[in-house]
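Chains as they are written, first to last, in numbering that gives the first Met the number 0: chain A, 0 to 163; chain B, 0 to 176; chain C, 0 to 650. Idealized CB from N, CA, C, for every residue including glycine.
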Amino acid sequence: MTFTSHRGLGRALRAMALGLVLAAGANLALAADAPSASANPELEARMMAMAAELRCLVCQNQTIADSHAGLAEDLRQQIREMLAKGQSEREIMDYMTQRYGDFVLYRPPFKATTVLLWVGPAVLMVFAIGTLVVVLRRRQKLGDDAFDPDDAEASSPAEPPAAR
Amino acid sequence: MKAKLLWPLAIFLVLAVFLGVGLKLDPREVPSPLVGKPAPVFKAPSLAQPEKVLRKEDMLGKVWMLNVWASWCGACRDEHPVLVAYSRAGGGVPVYGLNYKDKREDGMGWLNQFGNPYADSLFDPDGRIGIDYGVYGVPETFVIDQAGVIRYKHIGPVTPEVLRNKIEPLLKQLNKA
Amino acid sequence: MALGVALLQGALPLAGAHKGRADWMQLGRPLAWAQLALVTASFICLTLAFVRHDFSVLYVASNSNSALPLPYRFAAVWGGHEGSLLLWLLMLNVWTVAVAIYSRSLPAVFVARILGVLGLVAVGFLLFTLITSNPFERLIPAAADGRDLNPLLQDPGMVIHPPMLYMGYVGFSVAYAFAIAALLGGNLDATWARWTRPWTTAAWIFLTFGIGLGSWWAYNELGWGGWWFWDPVENASFMPWLVGTALIHSLAVTEKRGSFKVWTVLLAIVAFSLSLMGTFLVRSGVLSSVHAFATDPRRGLFILAFLVIAIGASLVLYAWRAPTVGLGQRFALVSKESMLLVNNMLLAVATGAVLLGTLYPLFLDAMGLGKISVGPPYFDTVFGLLMAPLLFMMGIGPMTRWKNDEPGSLARRLRWALPVAVVLAVLVCWIAGRIAPLTVAGLTLAFWIVASQGVDLLERVRPRGQDTNVLARLRLLPRAYIGMLVAHIGVAAFAFGVAMVKTYEIERDVKMGPDASTELNGYRFRMLSVREVQGANYTAAQGQIEVTKDGKLIAMLSPEKRVYRVQSNPMTEAAVDSNLLRDLYISMGEQLPNGDWIVRVQHKPFIVWIWGGCLIMMLGGFLAASDRRYRLRQTRQATSTDTPTAAGGAA
């Protein structure tokens, strides 16, 4: 059995590589002719990254980055100004929570009330693994009568041979 | 052996209790973290007289209400008669308005048309003061005490019931102190 | 009327099974048909009301408009809460009748129980509809015109997304009914698993489609290029999917080896419970979501009561009957069974984590501990971390032998797969321009899955002794195996798409007037003009943007900024040029005072692999479910013994 033409495969691989190179173009983008929508694109990018972590209180189910609401635009502007003044991300987030509470953060802060939230998944995982290990070990020790009798191995002809 | 099989049921019932309690709550309401904290400092021109400047320091020593409103806000129309009646009745605390993200002529025109219950209104066209006060939906009303601390925030239009049941008792209590 | 029939369908077959009365049990099937007929009639009436613009029906007036195009008038039938419930009911009846038709080879008692359980579920929904959510309420006097369907919903994707989702949710009710019936009858064995599997896989396929479609639709329709937001309602559909996936795998073990019976039954109950809970979350107003229907605490209370009764009773039954079910055949610590157990455990933990994050704000608020939000930053981190071990196990599980295997032998067989995967991952990142550790990890896992499946496939078709015809051996592979292979590759494709897009997507916001152009990644975007366009029920500013690369025309894209006349909210229609390697995504922002427009241009590499992965998963599921052994009819005797399957051979 041969693969469908090597040429076809080669073409496909080349197309994939091209796709990746295009993705790489991110670092090689030339200067745009149309002016950037914002005066300072780097600042803008930082602002949008932060805005993506904040909840819009008006529509409540969008980030401040995506929302078209008046308050969202005001807050984006506020973040822009604070970043331009050189304030840190921490300070800006604190600014927001002082005025709007923790509700405005999409990444819940780590405090006494949210310990369970952040630690929960890990605890669940540990608990699950632990239970698994205990149950499996216990089963190994049970006598054969606890189990159904083994069928004559109903293994399919396609199963790899046991001896390797 | 039996007990561990009841865990799913137990977990589910706990969940159901929370869901039941949740039915009574409003997930969209955002309580203010500013209640119990000093009101943010402001310095704003008056809506009617641009040369006059209103500052927080001038408000110290008295209990007062700050009502956030705008001419483009429909719900503010609904609550306005309540505020007008309150100020006309007298014997209450001064109500100051925060004209939020509005144009001067529109704001003044609105007050001329629907009545002016405010001792004065701060003019906040950019909404900066609003942001400082955590305003996210107009109308909102704050009760601020003599020391300049925010004691209560009401989100949404002030109805006669809210005035009667929540705000007036609080004002009475603050004025006694 | 449908309610009356459903009550009969619910009560009689179950009672009949209990008492052993053949005539009562036989009523199950005809009653199911009757219920279907009645609900369908109801549904048709509602549809006609929409098509004919009957604004004297309150529900029609709230969700439609005289200018609404015909296809969307159909979609509007399930655009609101009441109509969507009717759709739920219709789906439930369709599945019930399907079970009635395809269950000839099952023992009558069992069928009676299944249909009975399904009937009871229908009773719950019918009661709910009739008491709190009647779509046929009149508006008198009739409205002059309707409030129009939410513009977000006026899109082809919206027409099929809810029905597909509901097919999935409701489909899990079949697995649930099978599980309850088995618990009631006390016969839970490999044969039961074999009957249940295709139904469950079918439901899973629909749910995969519904969720994938929803994501693709949001991407195209919402205008900002996002495709998953961990919104509570999205999570409500994802959790049954996770549990459903665990259920399919658990059923595989129960069918093959008789093990995991208790797990399987519990998973079936949980999957459907999560479906029901999703229904609750969307309609009760307990959580804030873009998807939420207009809410009414009274409805919420009703659903909650239904939830407590249905799930509570099922879990009590489970706790009572599960000990009688037995442990199945023995397996070693390292075996396919234990691998699948780990798989299920990981899926369960993932589901638990999503549930925790979704409901946590509610927990805190209910206890007066303040209000927080739990959004993508939390879920992306937590879920990503949990998925990593799962993806890794996906490379090992299929390779492991049943009953007993040696870690050493496994490691030996896979010794090339992992290094190859890592090397490929680093290579891809390097070509793409940036080597980020997380991305390498994600890509490694995706390639690892493909590599390990490849090793397994090779082992099975490699010439052995006299048998040198590889092609023949390939054709002999059971369809269920191919299905698994394909589905797992679908997951790998999905993971690949996610890793590439999240790491390498770029965007740029520019101000564009006529003839302005900008460049992104070698593509040049030139704005030709912006003109006003009138749609059936909207007015739009439509940009004409020419996309070229090296001078060659790639596409003409027409993003729009629409204002729907009735509800007057502005909507951004993005324009997308899609191919296997990348999406070019353009959306219009605000118009500036000088007439120029703010335009956002995005380059998203390999994003279609995300939905392609979903489609591949569905194909895999279909292949697995249509394996010969399910389709062959067998004459069955009463069956509590564990007879190895007569026809088709096992896999």
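The CB of V122(A) never comes closer than 7 Å to any CB in chain B; the least such distance is about 14 Å. Out of E81(C), E458(C) and Y359(C), the CA that lies nearest to the CA of G367(C) is found in Y359(C). Setting aside the 5 residues that flank it on each side, R146(C) is surrounded in the same chain by S61, each with a C-beta closer than 6 Å to its C-beta; the list follows chain order.
For K560(C), the enclosing beta strand (DSSP E) stretches over residues E559 to Y563.
For the region 502-518 of chain C, residues whose beta-carbon sits nearer than 7 Å to a beta-carbon of chain A comprise Y503, I505, R507, D508, V509, K510, M511, A515, S516, T517 and E518. Straight-line spacing of the CA atoms in E233(C) and W227(C) works out to 8 Å. The beta carbons of A535(C) and E559(C) sit no closer together than 9 Å.
In the three-state DSSP reduction, K55(B) falls in the helix class (H, G or I). With fewer than 16 neighbouring CB atoms inside 10 Å of its own CB, A312(C) falls in the exposed class. For Y218(C), the enclosing alpha helix (DSSP H) stretches over residues A189 to E220.
A residue is called buried once 16 or more other Cβ atoms fall within 10 Å of its Cβ, and Q112(B), having fewer, is exposed. Residues are counted here when their Cβ sits less than 8 Å from a Cβ of chain C; for the region 66-96 of chain A these are H67, given in chain order. Put simply, the CB of S557(C) is far from chain A, with every gap to its CB atoms at 9 Å or more. 9 Å or more divides the Cβ of M386(C) from the Cβ of S451(C). Exclusion of the five residues before and after I488(C) leaves I448, V449, Q452, I615 and G619 as the residues of its chain whose Cβ lies within less than 8 Å of its Cβ. Distances from the CA of P32(B) to each of V157(B), R150(B), K171(B) and A47(B) were compared; the closest alpha carbon is that of R150(B).
Distances from the alpha-carbon of G82(C) to those of T131(C), P436(C), L117(C) and L265(C) put T131(C) closest.
CA-CA distance, V333(C) to E405(C), rounds to 7 Å.
Distances from the CA of F237(C) to each of E220(C), S272(C), F305(C) and S516(C) were compared; the closest alpha carbon is that of S272(C). Residues of chain C whose Cβ lies closer than 9 Å to the Cβ of A15(B) are, in chain order, L303, L306, V307, I310 and G311. Neighbours of G133(B) in chain A, taken as residues whose beta carbon is under 7 Å from its own, are R98 and Y99 in chain order. Rounded to whole angstroms, A180(C) and A321(C) show a C-alpha spacing of 13 Å. Judged by DSSP secondary structure, Y135(B) falls outside any beta strand (DSSP E); it is assigned neither H nor E. Interface with chain B (9 Å Cβ-Cβ cutoff): G284(C) is included. Residues of chain A whose Cβ lies closer than 8 Å to the Cβ of R27(B) are, in chain order, Q59.
Contact between M64(B) and V92(B) holds, since their C-beta atoms are separated by about 6 Å, short of 8 Å. For S35(A), there is no enclosing beta strand (DSSP E), as DSSP marks it with neither H nor E. Boundaries of the beta strand (DSSP E) harbouring V529(C): Y522 to Q533, taken from the DSSP string.
Buried is the label assigned to E336(C), since at least 16 other Cβ atoms lie within 10 Å of its Cβ. Along the length of the region 235-308 of chain C, whole alpha helix (DSSP H) runs at least 4 residues long occupy 260-283, reported in chain order.
For F41(B), no Cβ of chain C is located within less than 9 Å of the residue's own Cβ. Taking a contact to require three or more Cβ pairs closer than 8 Å, the region 35-52 of chain A and the region 279-293 of chain C do not qualify as touching. Residue environment analysis places I10(B) among the exposed positions, since fewer than 16 neighbouring C-beta atoms fall within 10 angstroms of its C-beta. For V133(A), the nearest beta carbon of chain C is not closer than 9 Å to its own beta carbon. As the crow flies, the alpha-carbon of C75(B) is around 6 Å from that of P138(B). For the 9 Å CB-CB criterion, D123(B) and G129(B) form a contact.
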